[in-house]
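These notes concern the structure reproduced below.
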Amino acid sequence: MPTQQELFLELAQPNENGISRWVNTSEFVGRYSTLELLNGLSWGRKFSTLAKKYNVETDKSVTTGNKIDRIRLNGFNTCHTSTHTQSIRNDIKQEISKQRCVILGTNRSCDHKTEVDHKDGRKDDPRVMNTKTQTLEDFQPLSKPANDAKRQFCKECKESNLRYDAKLLGYPVSFTKGDINYTPELKCIGCFWYDPIAFRQALKLKYS
1 MPTQQELFLE LAQPNENGIS RWVNTSEFVG RYSTLELLNG LSWGRKFSTL
51 AKKYNVETDK SVTTGNKIDR IRLNGFNTCH TSTHTQSIRN DIKQEISKQR
101 CVILGTNRSC DHKTEVDHKD GRKDDPRVMN TKTQTLEDFQ PLSKPANDAK
151 RQFCKECKES NLRYDAKLLG YPVSFTKGDI NYTPELKCIG CFWYDPIAFR
201 QALKLKYS
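Sequential numbering from 1 applies to the sequence shown in the UniProt record's numbering.
Structural data, given as structure tokens:
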């Protein structure tokens with residue numbers, strides 16, 4: 001049985017330069033019904049097999065709302081290397097998983113197990129994404145509910161380049177460094193979700 005990536009390539013028919021036509025999501029029927037976007041572009045996300053080989057582009061301008069209307073391949077992806085991965089080194093996983101969630105205080109014995117979270121939600125730092133160079137300080141323990149919430153806020157930030165405002169959680173400041181605008185220089189530093197412990201410590205120093 002062909003994979004979703006293979007089915008999309010069958011539809012898109014990229015040329016020798018990795019460029020395809022725009023494929024409308026309305027074509028995801030019959031043999032191609034497994035490509036239906038029930039959970040976003042799950043089979044074409046950044047670290048998917050497809051996106052590691054091709055530059056995957058989406059278009060949401062055909063219809064109203066935020067729904068993906070069509071998808072195309074725009075050349076081969078030359079950015080990824082064999083060292084760029086979402087993998088987390090085992091020693092880091094083992095250490096972080098022993099700790100309590102930095103948001104809810106729950107631990108591995110609770111209903112929601114501790115998950116090992118990349119502090120930088122964009123996951124685009126080559127050093128952090130390389131198991132040979134990543135460090136314990138690049139990660140934090142989050143329960144599944146907290147990690148799910150962070151993932152959504154990071155997704156919104158990536159789409160809008162507007163960082164999460166901690167005043168929405170009742171804190172007296174929005175950020176401890178920078179402002180609402182995401183910049184490549186500061187990145188996630190100063191955002192509550194990047195490091196809740198460091199965020200609270202910065203507030204304590206500021207108001208003590």
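Ideal placement from N, C-alpha and C gives every residue a C-beta, glycine not left out.
If you check the CB distance, Phe192 and Tyr171 come in under 8 Å. With fewer than three CB-CB distances shorter than 8 Å, the segment 93–106 does not count as touching the segment 57–73. Per DSSP, reduced to three states, the secondary structure at Thr78 is coil, with no helix or strand assignment.
Contact between Pro141 and Thr114 is confirmed by a C-beta separation of about 5 Å, below the 8 Å threshold. Per DSSP, reduced to three states, the secondary structure at Gln5 is helical. Judged by their CB atoms, Glu57 and Asn74 are nearer to each other than the 8 Å cut-off. When the five nearest sequence neighbours on each side are left out, no beta carbon in the same chain lies closer than 6 Å to the beta carbon of Ser48. Around the CB of Pro2, fewer than 16 other CB atoms lie within 10 Å, so the residue is classed as exposed. If you look at Asn147, you'll find it isn't in any beta strand (DSSP E); it sits in the alpha helix (DSSP H) that goes Lys144 to Ser160.
For the 8 Å CB-CB criterion, Phe28 and Tyr54 do not form a contact.
Beta-carbon to beta-carbon, Asp69 and Asn24 are separated by about 7 Å, close enough to satisfy the 8 Å threshold.
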